[in-house]
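Asks: In the UniProt record's numbering, the protein residues as written are 1 to 102.
The C-beta atom is built at its ideal place from N, Cα and C for all residues, glycine as well.
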Amino acid sequence: MNTQDEIKYQEAQKRVKKIKGFYTHAAIYLLVNIMIVIINIQNLEPGESYFKLENFFTAFFWGLGLLTHALSVFLPNIILGSNWEEKKIKELMEKDKQNKWE
Numbered sequence: 001m002n003t004q005d006e007i008k009y010q011e012a013q014k015r016v017k018k019i020k021g022f023y024t025h026a027a028i029y030l031l032v033n034i035m036i037v038i039i040n041i042q043n044l045e046p047g048e049s050y051f052k053l054e055n056f057f058t059a060f061f062w063g064l065g066l067l068t069h070a071l072s073v074f075l076p077n078i079i080l081g082s083n084w085e086e087k088k089i090k091e092l093m094e095k096d097k098q099n100k101w102e
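(1) Pick helix, strand or coil for L44, following the three-state DSSP scheme.
(2) Give a yes or no on contact between the stretch 51 to 60 and the stretch 31 to 38, applying the rule of three or more CB pairs nearer than 8 Å.
(3) For L53, tell me which candidate among S72, Q10, N40 and T3 has the shortest Cα-Cα distance.
(4) Quick check: the stretch 42 to 52 against the stretch 2 to 13, are there 3 or more CB pairs under 8 Å?
(5) Can the beta-carbon of Y29 be found less than 8 Å from the beta-carbon of L66?
(6) Going by the beta-carbon positions, is the gap between I19 and V73 smaller than 8 Å?
Pasting the structure below:
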């Protein structure tokens, strides 16, 4: 492989690692919140409703964290484009090269 292919491969590898991290986070979120629901239902008094605000704090706030994680993984490519990083690196290198010669 030439260096350009190696760079592309390493970028793809980093991207896959980020996506895998998000999916792991989402799976743990689901499992833990299902366990919390089961525990809360088992501890209900007869005739008591499960749908109370305090039963949803963990799911809500952790869900916000999960949403933030999802946006950090998937949104940069949607807004900035898939090759934004490469263009920005080249731009900064050119700017640095110009500043050295002044």
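Replies: Inspection of the coordinates gives the following:
(1) Here DSSP, grouped into helix, strand and coil, assigns L44 to coil.
(2) Touching, yes, given that three or more Cβ pairs across the two stretches are closer than 8 Å.
(3) Per the Cα distances, N40.
(4) The answer is no - the stretch 2 to 13 does not touch the stretch 42 to 52, with fewer than three Cβ pairs under 8 Å.
(5) Yes. Within cutoff.
(6) Cβ distance < 8 Å, so I19 and V73 count as in contact.
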